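**Q** Respectively, the protein sequence lines represent chains V and C.
Using the numbering used here, you'd call the opening residue of the first sequence number 8 and step up by one each time.
Using the numbering used here, you'd call the opening residue of the second sequence number 8 and step up by one each time.
Got a structure here, written out as structure tokens. Questions coming.
There are 2 protein chains.
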Amino acid sequence: MLIVQKYGGSSVANADKIVNVAKRITNTFKKGNKVVVVLSAQGDVTDELLAKAAEINHEASKRELDMLLSTGEQQSAALMAIAIHKEGYPAISLNASQVGIHATRKYGNARIKNIETERITAELERNNIVIVAGFQGVNRYGDITTLGRGASDTTAVALAAVLGAALCEIYTDVDGVYTADPRIVKNAKKIDVIGFDEMLHLASLGACVLHNRAVEMAQRYRVKLVLRSSLSDADGTLIKEESKVEKVYVSGLAVDKDIARVSVIGIFDRPGMAYQIFSLMAREKISIDLILQAINSNTTKDITFTVPKSDLKTTLSLLEANRSIIGFEALSYDDKVAKLSAVGAGMASNYGIASTMFEALYDCDVNIIMITTSEIKISVLIAECDADKAVNAVHEKYMQMSHFGTPNKL
Amino acid sequence: MLIVQKYGGSSVANADKIVNVAKRITNTFKKGNKVVVVLSAQGDVTDELLAKAAEINHEASKRELDMLLSTGEQQSAALMAIAIHKEGYPAISLNASQVGIHATRKYGNARIKNIETERITAELERNNIVIVAGFQGVNRYGDITTLGRGASDTTAVALAAVLGAALCEIYTDVDGVYTADPRIVKNAKKIDVIGFDEMLHLASLGACVLHNRAVEMAQRYRVKLVLRSSLSDADGTLIKEESKVEKVYVSGLAVDKDIARVSVIGIFDRPGMAYQIFSLMAREKISIDLILQAINSNTTKDITFTVPKSDLKTTLSLLEANRSIIGFEALSYDDKVAKLSAVGAGMASNYGIASTMFEALYDCDVNIIMITTSEIKISVLIAECDADKAVNAVHEKYMQMSHFGTPNKL
Chain V
8 MLIVQKYGGS
18 SVANADKIVN
28 VAKRITNTFK
38 KGNKVVVVLS
48 AQGDVTDELL
58 AKAAEINHEA
68 SKRELDMLLS
78 TGEQQSAALM
88 AIAIHKEGYP
98 AISLNASQVG
108 IHATRKYGNA
118 RIKNIETERI
128 TAELERNNIV
138 IVAGFQGVNR
148 YGDITTLGRG
158 ASDTTAVALA
168 AVLGAALCEI
178 YTDVDGVYTA
188 DPRIVKNAKK
198 IDVIGFDEML
208 HLASLGACVL
218 HNRAVEMAQR
228 YRVKLVLRSS
238 LSDADGTLIK
248 EESKVEKVYV
258 SGLAVDKDIA
268 RVSVIGIFDR
278 PGMAYQIFSL
288 MAREKISIDL
298 ILQAINSNTT
308 KDITFTVPKS
318 DLKTTLSLLE
328 ANRSIIGFEA
338 LSYDDKVAKL
348 SAVGAGMASN
358 YGIASTMFEA
368 LYDCDVNIIM
378 ITTSEIKISV
388 LIAECDADKA
398 VNAVHEKYMQ
408 MSHFGTPNKL
Chain C
8 MLIVQKYGGS
18 SVANADKIVN
28 VAKRITNTFK
38 KGNKVVVVLS
48 AQGDVTDELL
58 AKAAEINHEA
68 SKRELDMLLS
78 TGEQQSAALM
88 AIAIHKEGYP
98 AISLNASQVG
108 IHATRKYGNA
118 RIKNIETERI
128 TAELERNNIV
138 IVAGFQGVNR
148 YGDITTLGRG
158 ASDTTAVALA
168 AVLGAALCEI
178 YTDVDGVYTA
188 DPRIVKNAKK
198 IDVIGFDEML
208 HLASLGACVL
218 HNRAVEMAQR
228 YRVKLVLRSS
238 LSDADGTLIK
248 EESKVEKVYV
258 SGLAVDKDIA
268 RVSVIGIFDR
278 PGMAYQIFSL
288 MAREKISIDL
298 ILQAINSNTT
308 KDITFTVPKS
318 DLKTTLSLLE
328 ANRSIIGFEA
338 LSYDDKVAKL
348 SAVGAGMASN
358 YGIASTMFEA
368 LYDCDVNIIM
378 ITTSEIKISV
388 LIAECDADKA
398 VNAVHEKYMQ
408 MSHFGTPNKL
């Protein structure tokens, strides 16, 4: 069968690790599978390249950064082909232009539009293991665009989708999805099976084990996705379509510290104000989360929301530049916040889960700044310095209350 | 006017040097010129990438090495565009695939077949400074092939030719072509103007200041070529078509230590033996130099020749593998040899130049292993350990005898 495997930067950080991964790949190949491999740049290569650019120009153009950064994945791919040859197996490396990974023109954060399959299929038919440089595409001008940090996952899922792969394996340095970050919560348990929706929420909520768009794309194209460790033979976590279950608990907890709170204070209370603010953000592709609107008086209201920390500066200057149009009194912000979220299919029908969270936070003296809920998640905004304490307290409480699900039954 | 500039790896080795080169480029641009820049990989990047590959596999495939190495030039090009933007000028980097630099399929040592001009012309019309990754092309399969070490010079000359540039400036860390290597010969003088043929001989004889194929191509397409230092504003050396001159002396001396002597001993003396041996080498694209044939007896002869050191192993095993066909008695070789050459247009008509060289070598007790002469050069093969002493002695003698030419009059 055709298997797509993706290995992250830490899995290919040096020669020994590349050789280790080459052995894994050839083991899969030896069993009679066709194998397509997607690689990230080695270890810190991307950061080193960014530092090189920053040393020259702090505001380097995104087009040129994409030209620069995309070389990291091409290097990994070539080195892996070289390692597989050493193992005695046929392999060929291809970059985005050679494969034909067509992406939108937004440099630094492009989306894959379509992928040509001719070259990869031809190489698979020549019995080659095909190594594809992740994280990159080419736009209609033939220019290289990158797909955003961590987007090699997306490259892998997209390839699995267009090639009709039986399985897409994402290898990282963790052996699966956990009920909470095991570096912070000691008792965190590995999840064997999780639904796409829950995984999507965990990923977007800062669990960081899998790129968000990769999960969305896997769900849309029904790609069977497995998250596994490149260092062990453990089974990992299978991510798949939810089956109907009667009773679902919490799947996991996620903490996102990479956010900032922005409050627009004293907006005149008439229709269209929220639209005006958020369309500004949308135009700059700034993703907004946790929106809260409070009415102060009969005539003004405040709107508070969170944005990624990296977008805070842009957000504030956008709002300032449009102050006269929006007509607000003041802006306030806080970039020392964190979002703690509990995710689980069907949680909406069990608000005990929310109250248990609030109780745990109260018990450990953590103040809640904002709350939002959806059908499968509860998120609270808290002070960043409280985050580790909070996630441990909530995890402990959910364990006591047997709130963590039995996702094997999904 | 349109100027093509090429900067070598040492000229862009770090952020400061890149910024320095960016200023040179924008100075040319500010004067109203259109500028196309060709760059090598930064400093030791190519060697570092080769070391990475060798750590994994000592016999890495040439296709994959080309995928790997070509990233070095792409990085330089992107970083230079970023530096030029910082200076406040428009620039765009392009790799071989984006430009359309079509090359033969021989990985590691491909030749440029043709270059598309549409993209570069369009970018120049948008008033961009165009930065092209040197050293690389794409073959008919869309795969990357590199053009051999030092071949960014060739990329620059080829671009100058197809774009009809008024001038092609090759910037290095030396300020021109010298009568001998100034690191070895203290009294070496800079040459202001030199003919293509002589330059070609100096380059291929190990003077190493300019890539051989670049000079050939400049001659064929009548590209005006200047070799200059990226660190000073000195005039450099102009390389151009020879004009007819009455009296020509020696242009310069070159030493090539990267060669090995191979002797095929006791070959049966019948027609076609030399062809048999050298066609073997030709098939592997091993370049042969200094061929000498001696007759031992009525029935056998010896053939001695030199090859690049890197081809010695292949040469010996090729000969061994074909021993029964060629029918020789023994092979001998020596990789501790050097070739000392004197080059000058019209030297053929002045054999005083040869005898002066032999006298200088005799005076300093250097044994001559082989001698060859052509219309514009005399080469002697000597022991590698004698090379520095020999070039100094010959240079000194030529100075005394006023044998060095007055190339300004070319």
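We put the CB at the ideal spot given by N, CA and C, even for glycine.
Computed from a predicted model, the values in this text were never measured in an experiment.
(1) For alanine 261 of chain V and alanine 210 of chain V, I'd like the C-alpha separation in whole angstroms.
(2) So which residues on chain C does glutamate 421 of chain V lean against when the C-beta distance must stay under 7 Å?
(3) If we ignore side chains and look at the alpha-carbon of each, how far apart do valine 398 of chain V and isoleucine 389 of chain V end up?
(4) Quick one: is the Cβ of aspartate 265 of chain C within less than 6 Å of any heavy atom of the ligand HEM?
(5) What are the start and end residues of each continuous alpha helix (DSSP H) run of 4 or more residues lying completely inside the segment 261-344 of chain C, in chain order?
(6) Mind pulling the chain C residues with CB within less than 8 Å of isoleucine 89 of chain V?
(7) Here's a check: name, in chain order, each residue in its chain whose Cβ is nearer than 8 Å to the Cβ of isoleucine 122 of chain V, leaving out the five neighbours to either side.
(8) Closer than 7 Å by beta-carbon distance: list the chain C residues that pair up with aspartate 51 of chain V, in chain order.
(9) Give me the chain V residues within the contact set of glutamine 105 of chain C, using Cβ-Cβ distance strictly less than 8 Å, ordered along the chain.
(10) Inspect the CB distances between the segment 176-183 of chain C and the segment 237-247 of chain C and report whether three or more fall short of 8 Å.
(11) Using a Cβ-Cβ distance cut-off of 7 Å, determine whether histidine 92 of chain C contacts chain V.
(12) For alanine 187 of chain C, name the three-state secondary structure that DSSP assigns.
(13) Taking only the alpha-carbon atoms, compute the straight-line gap between isoleucine 298 of chain C and threonine 311 of chain C and give it to the nearest angstrom.
(14) On a CA-only basis, which of C:Gly359, C:Arg229, C:Ile138, C:Thr307 is nearest lysine 384 of chain C? Give me that one, please.
(15) Does chain C have any CB closer than 7 Å to the CB of isoleucine 25 of chain V?
(16) Could you give the DSSP three-state label for isoleucine 89 of chain V: helix, strand or coil?
(17) Is there a Cβ of chain C sitting closer than 7 Å to that of threonine 78 of chain V, yes or no?
(18) Given 8 Å as the limit, is there contact between the segment 73-91 of chain C and the segment 64-80 of chain V, that is, 3 or more CB pairs closer than that?
(19) Determine, using beta carbons only, whether serine 159 of chain C comes closer than 7 Å to chain V.
(20) Just to check my reading of the structure: glutamate 80 of chain C and alanine 140 of chain C have Cβ atoms closer than 8 Å, yes? What is that Cβ distance to the nearest angstrom?
(21) Is it the case that the Cβ atoms of methionine 406 of chain C and threonine 363 of chain C are separated by a distance below 7 Å?
(22) For alanine 98 of chain C, which of helix, strand or coil comes out of DSSP?
(23) Under the three-state reduction of DSSP, which class applies to lysine 69 of chain V: helix, strand or coil?
(24) Considering only their Cβ atoms, is the gap separating alanine 349 of chain C from glycine 202 of chain C smaller than 7 Å?
(25) Name the chain V residues whose beta carbon is nearer than 9 Å to that of serine 100 of chain C?
(26) Just the Cα atoms here: how many angstroms apart are valine 269 of chain C and cysteine 392 of chain C?
(27) Between which residues of its own chain and asparagine 415 of chain C is the CB-CB distance below 7 Å, once the five residues before and five after are set aside?
(28) Between alanine 117 of chain C and chain V, is the shortest Cβ-Cβ distance under 7 Å, so that the two count as touching?
(29) Helix, strand or coil for lysine 38 of chain C? Go by DSSP, reduced to three states.
(30) Kindly indicate if chain C contains any beta-carbon less than 7 Å away from that of alanine 390 of chain V.
(31) Kindly confirm or deny that the segment 130-139 of chain V and the segment 41-57 of chain V touch, where touching means at least three C-beta pairs closer than 8 Å.
(32) Between the beta-carbon of aspartate 318 of chain C and the beta-carbon of isoleucine 272 of chain C, is there less than 7 Å?
(33) Using the C-alpha atoms, what's the distance from glutamate 55 of chain V back to proline 315 of chain C?
(34) Alpha carbon to alpha carbon, how far is lysine 231 of chain V from alanine 225 of chain V? Give it in angstroms, no decimals.
(35) What is the C-beta distance between alanine 367 of chain V and lysine 264 of chain V, in whole angstroms, given that I count them as a contact (C-beta under 8 Å)?
**A** With the given structure in hand:
(1) Numbered from 1 along the first sequence, position 254 holds the residue referred to as residue 261 of chain V. Numbered from 1 along the first sequence, position 203 holds the residue referred to as residue 210 of chain V. So the alpha carbons of these two residues sit roughly 8 Å apart.
(2) This structure leaves residue 421 of chain V out entirely; chain V is present only between 8 and 417.
(3) By 1-based counting over the first sequence, the position of residue 398 of chain V is 391. By 1-based counting over the first sequence, the position of residue 389 of chain V is 382. For valine 398 of chain V and isoleucine 389 of chain V, the distance between alpha carbons rounds to 11 Å.
(4) In the structure on display, the ligand HEM does not appear, and there are no ligands present to speak of.
(5) 280-290, 319-328, 330-333
(6) Sequence index remark: in the first sequence, residue 89 of chain V carries index 82 (1-based). Residues of chain C passing the Cβ test: Ala60, Ile63, Asn64, Ala67, Ser68, Glu71, Leu72, Leu75.
(7) To locate residue 122 of chain V, count along the first sequence from 1; it is residue 115. Once the five neighbours on either side are set aside, the close Cβ partners of isoleucine 122 of chain V are Val106, Gly107, Ile108, His109, Ala165, Leu166, Val169.
(8) By 1-based counting over the first sequence, the position of residue 51 of chain V is 44. What aspartate 51 of chain V touches in chain C: nothing, since even the nearest Cβ is about 14 Å away.
(9) One-based indexing of the second sequence puts residue 105 of chain C at position 98. Result: Gly149, Asp150.
(10) yes
(11) Working through the second sequence from its first residue, we reach residue 92 of chain C at position 85. It does: the Cβ of histidine 92 of chain C has a partner Cβ on chain V nearer than 7 Å.
(12) Start at 1 with the first residue of the second sequence, and residue 187 of chain C comes out as number 180. DSSP places alanine 187 of chain C in coil when its eight states are reduced to three.
(13) Indexing the second sequence from 1 puts residue 298 of chain C at position 291. Indexing the second sequence from 1 puts residue 311 of chain C at position 304. Their Cα atoms are separated by approximately 6 Å.
(14) Reading the second sequence from its first residue, position 377 is the one you call residue 384 of chain C. Residue C:Gly359 is the option with its Cα nearest to lysine 384 of chain C.
(15) To locate residue 25 of chain V, count along the first sequence from 1; it is residue 18. For isoleucine 25 of chain V, the answer is yes, since a Cβ of chain C falls inside 7 Å of its Cβ.
(16) Working through the first sequence from its first residue, we reach residue 89 of chain V at position 82. Of the three classes helix, strand and coil, the one that applies to isoleucine 89 of chain V here is helix, per DSSP.
(17) Residue 78 of chain V sits at position 71 when you count from the first residue of the first sequence. Answer yes: the Cβ-Cβ gap between threonine 78 of chain V and chain C drops below 7 Å somewhere.
(18) yes
(19) Working through the second sequence from its first residue, we reach residue 159 of chain C at position 152. Judged by the 7 Å Cβ criterion, serine 159 of chain C is not in contact with chain V.
(20) Walking along the second sequence from the start, residue 80 of chain C turns up at place 73. Walking along the second sequence from the start, residue 140 of chain C turns up at place 133. Their Cβ separation, rounded to whole angstroms, is 4 Å, which keeps glutamate 80 of chain C and alanine 140 of chain C in contact under 8 Å.
(21) On the second sequence, position 399 is the one that residue 406 of chain C refers to. On the second sequence, position 356 is the one that residue 363 of chain C refers to. The answer is no: Cβ separation not under 7 Å.
(22) Sequence index remark: in the second sequence, residue 98 of chain C carries index 91 (1-based). Note: alanine 98 of chain C maps to strand in three-state DSSP.
(23) In the first sequence, residue 69 of chain V corresponds to position 62, counting from 1. If DSSP states are grouped into helix, strand and coil, lysine 69 of chain V belongs with the helices.
(24) Counting from 1 along the second sequence, the entry for residue 202 of chain C is found at position 195. Counting from 1 along the second sequence, the entry for residue 349 of chain C is found at position 342. Not closer than 7 Å, so no.
(25) Residue 100 of chain C sits at position 93 when you count from the first residue of the second sequence. Here the neighbours are Arg70, Glu71, Met74, Leu75.
(26) By 1-based counting over the second sequence, the position of residue 269 of chain C is 262. By 1-based counting over the second sequence, the position of residue 392 of chain C is 385. Their backbone Cα atoms lie some 18 Å apart in a straight line.
(27) Here the question's residue 415 of chain C lines up with position 408 in the second sequence. For asparagine 415 of chain C, the pLDDT reaches just 39, beneath the cut-off of 50, and the residue's location in the model is therefore unreliable, although a value from the coordinates is still provided. Within the same chain, asparagine 415 of chain C has close Cβ partners Asp199, Val200.
(28) Taking the first residue of the second sequence as 1, we reach residue 117 of chain C at position 110. Judged by the 7 Å Cβ criterion, alanine 117 of chain C is not in contact with chain V.
(29) Translated into positions along the second sequence, residue 38 of chain C becomes position 31. Coil, per DSSP.
(30) Counting from one through the first sequence, the residue named residue 390 of chain V turns up at place 383. Taking Cβ atoms only, chain C never reaches closer than 7 Å to alanine 390 of chain V, which makes this a no.
(31) yes
(32) Position 311 of the second sequence, counted from the start, is the residue given in the question as residue 318 of chain C. Position 265 of the second sequence, counted from the start, is the residue given in the question as residue 272 of chain C. Their beta carbons are not under 7 Å apart, which means aspartate 318 of chain C does not touch isoleucine 272 of chain C by this criterion.
(33) By 1-based counting over the second sequence, the position of residue 315 of chain C is 308. By 1-based counting over the first sequence, the position of residue 55 of chain V is 48. Roughly 37 Å between the two C-alpha positions.
(34) Taking the first sequence and counting its residues from 1, the one referred to as residue 225 of chain V is at position 218. Taking the first sequence and counting its residues from 1, the one referred to as residue 231 of chain V is at position 224. For alanine 225 of chain V and lysine 231 of chain V, the distance between alpha carbons rounds to 7 Å.
(35) Sequence index remark: in the first sequence, residue 367 of chain V carries index 360 (1-based). Sequence index remark: in the first sequence, residue 264 of chain V carries index 257 (1-based). Going by Cβ atoms, the distance from alanine 367 of chain V to lysine 264 of chain V rounds to 19 Å, so no, they are not a contact pair.
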